[in-house]
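Undergrad: With our numbering as the guide, the letters of the sequence shown map in order to residues 143 to 400.
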Amino acid sequence: MSFLEILAQPATWQLVGVLCLGIFVQAAAGFAGGLVIVPLLLWAGYSIPEAQTSLLVATIPQNLWGVVSFRDSLDSKRLVWPGAARLLFLPLGVLTLQWMESFSMVTLRQIVGVAVLSATLATMQFRPRPREQVASIWSYLVFPLSGFLQGLVGMGGPPMVLWVQAHDWDTRRMRGFLFSMYLISLAPGIAILVWFFGSRVIPPALIATAAIPILLMVTWVGLKVGTALGTQRLRRITMALLLLMGLAGLAAPWLSPT
């Protein structure tokens, strides 16, 4: 099947629509792109590797823009260990995902639902008192876990967000650090997914690449909407959406057609 034939299929535009929603939420709320995109694409019939690959490609422009915009707030020395730890444990997550592919789609939806619920509840409940330094043990736990979850279900962001929130950093430094972590793992993440799962992840990646102009426009709209609604109001809406999707994943045996 040619690429033009792929673009003409309704499933292609379904994929683009989900990517637009996730990128919009990411731009407006500042987080949760993967938490939105991966479970919705599973319900649309895509596999986790396909959802992950399209997610990674779709976030390339946003993360590049973030690193360039906040480069004056970055400390390169603080990026070495977190970036290396994520990359080291990412293949382990992908290897576990390869084993999980023997599970039924209903079971996978439940697993992703648990991941979404856990990340959402942790984000809602964890309110650390910001401090200049956080105990080193948390770094040794957070970034390997982030890399593993990135490879497993494409949701490596929440542990890092919680770790960043425990620091007394300003917004520019926080966002610059997170954008850098995401950007460092993009190319290796895509390469590892292609290595493990072969050509079947290529079409979603190509569709996401073709949709980048649309996603850039969606990012711009999301930033405007986020500013208009305010951080707290948008955060509540996003959390409600994520809780709903997490519960839907847990209820997959009853919601999925037989």
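Positions of the beta carbon are idealized from the N, C-alpha and C atoms, including for glycine.
Using the C-alpha atoms, what's the distance from residue 305 back to residue 280?
TA: Residue numbering aside, residue 280 sits at position 138 when the sequence shown is read from its first letter. Residue numbering aside, residue 305 sits at position 163 when the sequence shown is read from its first letter. So the two alpha carbons sit approximately 8 Å from each other.
Undergrad: Mind checking which residues open and close the alpha helix (DSSP H) that includes residue 321?
TA: As a working mapping, residue 321 is identified with position 179 in the sequence shown. Looking at the DSSP string, the run of the alpha helix (DSSP H) that includes residue 321 is 313 to 339.
Undergrad: Do you know whose CA, among 314, 298, 309 and 348, lies nearest residue 327's CA?
TA: By 1-based counting over the sequence shown, the position of residue 327 is 185. Closest option to residue 327, Cα to Cα, is 298.
Undergrad: Closest to residue 271 by C-alpha separation, out of 261, 311, 232 and 235, would be which residue?
TA: For the purposes of this step, residue 271 is taken as the residue at position 129 of the sequence shown. Nearest C-alpha to residue 271: 311.
Undergrad: Once the 5 residues before and after residue 324 are set aside, which same chain residues still bring their CB inside 7 Å of it?
TA: If you number the sequence shown from 1, residue 324 lands on position 182. These residues qualify, in order along the chain: 201 and 205.
Undergrad: Within 10 Å of its beta-carbon, does residue 235 have 16 or more other beta-carbons around it, so buried, or fewer, so exposed?
TA: Position 93 of the sequence shown, counted from the start, is the residue given in the question as residue 235. The residue is buried, with at least 16 neighbouring Cβ atoms inside 10 Å.
Undergrad: Identify the residues that DSSP records as bridge partners of residue 273: which are they?
TA: To locate residue 273, count along the sequence shown from 1; it is residue 131. DSSP output for residue 273 lists 309 as bridge partner(s).
Undergrad: Under 7 Å between the Cβ atoms of residue 255 and residue 388?
TA: Residue 255 sits at position 113 when you count from the first residue of the sequence shown. Residue 388 sits at position 246 when you count from the first residue of the sequence shown. Closer than 7 Å, so yes.
Undergrad: If we count the other Cβ atoms within 10 Å of its Cβ and call it buried at 16 or more, is residue 175 buried or exposed?
TA: Walking along the sequence shown from the start, residue 175 turns up at place 33. Flag for residue 175 reads buried.
Undergrad: Compare the Cα-Cα distances from residue 353 to each of 203, 180 and 292 and report the closest residue.
TA: Looking up residue 353 in the sequence shown gives position 211. Checked all of 203, 180 and 292; the closest Cα to residue 353 is 203.
Undergrad: With 16 as the cutoff for other CB atoms within 10 Å, does residue 347 come out buried or exposed?
TA: To locate residue 347, count along the sequence shown from 1; it is residue 205. By the 10 Å Cβ count, residue 347 comes out buried.
Undergrad: What residue from 287, 221, 193 and 208 has the CA that sits closest to residue 156's CA?
TA: Numbered from its first residue, the sequence shown carries residue 156 at position 14. For the residues 287, 221, 193 and 208, the minimum Cα distance to residue 156 belongs to 193.
Undergrad: Please name the residue in 248, 384 and 197 whose C-alpha comes closest to that of residue 171.
TA: For the purposes of this step, residue 171 is taken as residue 29 along the sequence shown, with counting starting at 1. Among 248, 384 and 197, the Cα nearest to that of residue 171 is on 384.
Undergrad: Do you know offhand how far residue 340's Cα is from residue 185's?
TA: As a position in the sequence shown, residue 340 is number 198, starting the count at 1. As a position in the sequence shown, residue 185 is number 43, starting the count at 1. Spanning the two alpha carbons is a distance of roughly 22 Å.
Undergrad: Could you work out which residue in 242, 296 and 366 is closest to residue 332 when comparing CA atoms only?
TA: Within the sequence shown, residue 332 is the residue found at index 190, counting from 1. Comparing Cα-Cα distances from residue 332 to each of 242, 296 and 366, the minimum goes to 296.
Undergrad: For the segment 342 to 370, which segments carrying the alpha helix (DSSP H) assignment without a break, of at least 4 residues, lie completely within its bounds, in sequence order?
TA: Counting whole runs of 4 or more residues, the segment 342 to 370 contains the alpha helix (DSSP H) stretches 344 to 352.
Undergrad: Give the secondary structure of residue 156 by DSSP, where H, G and I count as helix, E and B as strand, and everything else as coil.
TA: Sequence index remark: in the sequence shown, residue 156 carries index 14 (1-based). If DSSP states are grouped into helix, strand and coil, residue 156 belongs with the helices.
Undergrad: Report, in whole angstroms, the separation of the C-beta atoms of residue 268 and residue 231, which I expect to be a contact under 8 Å.
TA: For the purposes of this step, residue 268 is taken as the residue at position 126 of the sequence shown. For the purposes of this step, residue 231 is taken as the residue at position 89 of the sequence shown. Actually they are not in contact, since the Cβ atoms of residue 268 and residue 231 sit about 21 Å apart, beyond 8 Å.
Undergrad: Please return the same chain residues whose Cβ sits closer than 7 Å to the Cβ of residue 278, not counting the five positions on each side in sequence.
TA: Within the sequence shown, numbered from 1, the residue matching residue 278 stands at position 136. Cβ within range, chain order: n/a, list empty.
Undergrad: Taking 7 Å as the cut-off, decide whether the C-beta atoms of residue 351 and residue 294 are in contact.
TA: Reading the sequence shown from its first residue, position 209 is the one you call residue 351. Reading the sequence shown from its first residue, position 152 is the one you call residue 294. No.
Undergrad: Does the beta-carbon distance from residue 314 to residue 215 come in below 7 Å?
TA: Here residue 314 corresponds to residue number 172 of the sequence shown, with the count starting at 1. Here residue 215 corresponds to residue number 73 of the sequence shown, with the count starting at 1. Contact: yes.
Undergrad: Can you tell me where the alpha helix (DSSP H) holding residue 249 begins and where it ends?
TA: The residue given as residue 249 occupies position 107 in the sequence shown. Residue 249 -> alpha helix (DSSP H) spans 247 to 267.
Undergrad: Beta-carbon within less than 8 Å of residue 392's beta-carbon, same chain only, minus the 5 sequence neighbours each way: which residues are those?
TA: By 1-based counting over the sequence shown, the position of residue 392 is 250. Answer for residue 392: 252, 255, 256 and 259, listed in chain order.
Undergrad: The ligand NAD and residue 392: does the residue's C-beta get closer than 6 Å to at least one heavy atom of that ligand?
TA: Within the structure as shown, the ligand NAD is missing, as the structure has no ligands at all.
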